[in-house]
Structure formats: structure tokens, C-alpha cells
């Protein structure tokens with residue numbers, strides 16, 4: 001179950017890792033199809049039949065307002081890994097963020 005508050009333990013965008021002070025500010029809340037990430041709010045839908053499991057994020061307020069972001073996720077115990085395509089073009093096929101890509105790979109732990 002994805003509902004809960006998640007704290008980032010690692011984040012990579014375009015092959016570049018986020019420093020610890022930035023990681024400390026990344027807190028994702030998922031609740032009944034709604035998400036909050038700082039001042040970013042919206043909805044999400046999952047498809048657990050896909051492999052890897054798919055998640056679609058739709059921003060309704062904040063920096064991602066009006067954006068549809070395809071992503072994949074994996075939940076193992078209290079660890080949630082999500083790889084988003086911030087270019088909003090195609091769902092990532094793997095949990096990786098290559099240099100110069102718009103793939104945002106984040107690993108969270110349940111708060």
C-alpha cells in the first residue's frame with residue numbers, strides 16, 4: 001500500500017545525485033489517489049499489472065500543474081522507488097537516470 005508519508009533517501013536527475021541537504025527537503029505524501037510534494041499537489045493512479053508497476057502523476061497545483069508524468073515504481077517493505085519521466089514523454093523502462101535524461105529516480109523510506 002502506497003498511502004503514507006515518504007522521505008527521500010536518494011534522488012538522481014539526469015545522472016546527477018542530489019546532495020543530502022536537498023534530500024532532507026523531499027517529503028512525499030500519498031493518500032487515496034492524492035499526492036503532495038512540497039507545494040506540488042495532484043493525483044496519481046497505479047497499474048500493478050504492468051511490469052514494472054506503473055504510476056501516472058497528474059499535477060493540479062504547483063510547479064507540475066497541468067502536467068501528466070508517466071513513471072514506474074517498486075514497493076519493497078518500507079522502501080518505495082519511483083522513476084519519473086519529467087519530460088512527460090514515455091514511461092521509463094528501468095529504474096535509472098542516465099546523464100542528460102529527464103528521468104528522475106527517487107528512493108523513499110516510509111516515515
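In the numbering used here, the protein residues as written are 1 to 111.
C-beta: ideal position from N, C-alpha, C; glycine also.
| Which residue comes first and which comes last in the beta strand (DSSP E) that contains residue 30? | Here the question's residue 30 lines up with position 30 in the chain shown. Per DSSP, residue 30 belongs to the beta strand (DSSP E) from 27–31.
| request: Report yes if the C-beta distance between residue 90 and residue 15 is below 7 Å; otherwise report no. | output: As a working note, residue 90 is residue 90 in the chain shown. As a working note, residue 15 is residue 15 in the chain shown. No, Cβ-Cβ distance for residue 90 and residue 15 is not below 7 Å.
| task | Kindly indicate which three-state DSSP category residue 21 falls into: helix, strand or coil? | result | Counting from 1 along the chain shown, the entry for residue 21 is found at position 21. Residue 21 falls in the helix class under three-state DSSP.
| said: Quick check on DSSP: helix, strand or coil for residue 64? | reply: Start at 1 with the first residue of the chain shown, and residue 64 comes out as number 64. Reduced to three states, the DSSP call for residue 64 is coil.
| Can you tell me whether residue 123 is buried or exposed, with buried defined as 16 or more other CB within 10 angstroms of its CB? | With the chain running from 1 to 111 in the structure shown, residue 123 is simply not present.
| field | residue 10 (DSSP reduced to helix, strand or coil) | value | Locating residue 10 in the chain shown gives position 10, counting from the first residue. The answer is strand: DSSP assigns residue 10 an E or B state.
| Cβ-based burial, residue 19 [other Cβ within 10 Å; buried from 16] | For the purposes of this step, residue 19 is identified with residue 19 of the chain shown, where counting begins at 1. It counts as exposed.
| field | Cβ neighbours of residue 88 in the same chain (closer than 8 Å, five flanking residues each side left out) | value | For the purposes of this step, residue 88 is taken as residue 88 along the chain shown, with counting starting at 1. If you ignore the 5 residues before and after residue 88, its C-beta comes within less than 8 Å of the C-beta of 67, 68, 69, 70, all in its own chain and listed in chain order.
| query | In the DSSP assignment, what residue or residues form a beta bridge with residue 70? | reply | Sequence index remark: in the chain shown, residue 70 carries index 70 (1-based). Per DSSP, 56.
| Own chain residues within Cβ distance below 6 Å of residue 115, not counting five before or after | The displayed coordinates of the chain run from 1 to 111. Any statement about residue 115 would go beyond what the structure contains.
| query | Secondary structure at residue 110, three-state DSSP: helix, strand or coil? | reply | Numbered from 1 along the chain shown, position 110 holds the residue referred to as residue 110. The answer is strand: DSSP assigns residue 110 an E or B state.
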